[in-house]
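Protein chains in written order, with my numbering: chain A, 1 to 116; chain B, 1 to 113.
Down below is the structure, laid out as structure tokens.
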């Protein structure tokens with residue numbers, strides 16, 4: 001079946017611009033996560049959705065970052081007034097539920113964001 | 001101190017070698033543990049979950065020591081295709097009952113002919 005998809009695969013923008021990154025989770029998965037991975041590091045948690053609501057947004061670096069999941073499926077990560085330090089690969093993951101701590105999270109291919 | 005610490009490597013080993021990776025975590029209340037594999041410029045993929053009793057999947061063996069807060073991965077009979085970055089992952093599973101993965105920085109493995 002189809003896995004997690006993310007668009008665009010690459011995004012180059014200028015400092016100060018606004019960007020939106022989209023994630024399509026696996027059909028039927030209720031839990032959706034966003035992570036950010038910088039070069040040479042492991043992915044870093046940003047935000048978690050259970051259904052339509054953000055259950056935990058403690059990983060968002062500051063108020064320039066915001067994410068939505070209005071219908072409990074597709075999610076959009078929004079970054080305002082981008083800075084060069086925002087350059088990274090943004091990964092989305094989904095899992096069937098979050099009932100078990102061993103529920104596997106399936107990752108999308110990521111969006112590589114470059115802020116010039 | 002990072003929540004999950006790994007030796008970054010790289011580990012350069014010949015085909016057929018046995019190689020072991022170690023990882024320590026700081027949150028003693030962590031609920032579940034994993035090894036993910038990440039190929040260059042690709043997304044992480046689950047290699048195996050790690051259980052208290054230890055578990056094995058073919059050439060791969062994972063061990064967990066909760067008392068020492070230590071996780072290991074052993075790869076036997078290394079193949080060229082095992083070359084990748086191996087990410088140690090911990091799920092602290094907060095009081096809200098949700099899953100949030102904490103990743104180590106990864107250990108690079110390069111298997112050569």
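All C-beta atoms, glycine included, are put in the ideal place defined by N, C-alpha and C.
Mind checking residue i: buried by the 16 CB within 10 Å criterion, or exposed?
i, result
"residue 90(A)", "buried"
"residue 35(A)", "buried"
"residue 41(B)", "exposed"
"residue 62(A)", "exposed"
"residue 68(B)", "exposed"
"residue 78(A)", "exposed"
"residue 114(A)", "exposed"
Residue i to residue j, Cα distance in whole Å?
i, j, result
"residue 59(A)", "residue 36(B)", "21 Å"
"residue 86(B)", "residue 81(A)", "34 Å"
"residue 8(B)", "residue 38(A)", "15 Å"
"residue 25(A)", "residue 99(B)", "16 Å"
Terminal residues of the continuous beta strand (DSSP E) containing residue i?
i, result
"residue 105(B)", "Counting along the chain, residue 105(B) falls outside any beta strand (DSSP E), and DSSP gives it neither H nor E."
"residue 80(B)", "Run containing residue 80(B): none; DSSP gives neither H nor E here."
"residue 12(A)", "10 to 13"
"residue 17(A)", "That residue, residue 17(A), is in no beta strand (DSSP E); it is neither H nor E in DSSP."
"residue 44(A)", "44 to 50"
"residue 53(A)", "53 to 56"
Could you name the residues that DSSP lists as bridge partners for residue i?
i, result
"residue 30(A)", "DSSP lists no partner for residue 30(A)."
"residue 32(B)", "91(B)"
"residue 35(A)", "45(A) and 91(A)"
"residue 64(B)", "71(B)"
"residue 111(A)", "90(A)"
Just to confirm, is the Cβ distance from residue i to residue j under 8 Å?
i, j, result
"residue 11(B)", "residue 89(B)", "no"
"residue 52(A)", "residue 70(A)", "yes"
"residue 31(B)", "residue 91(B)", "yes"
"residue 45(A)", "residue 74(B)", "no"
Output, in chain order, the set of chain D residues within a Cβ distance shorter than 8 Å of residue i.
i, result
"residue 102(B)", "Any reference to chain D falls outside this structure, whose protein chains are A and B."
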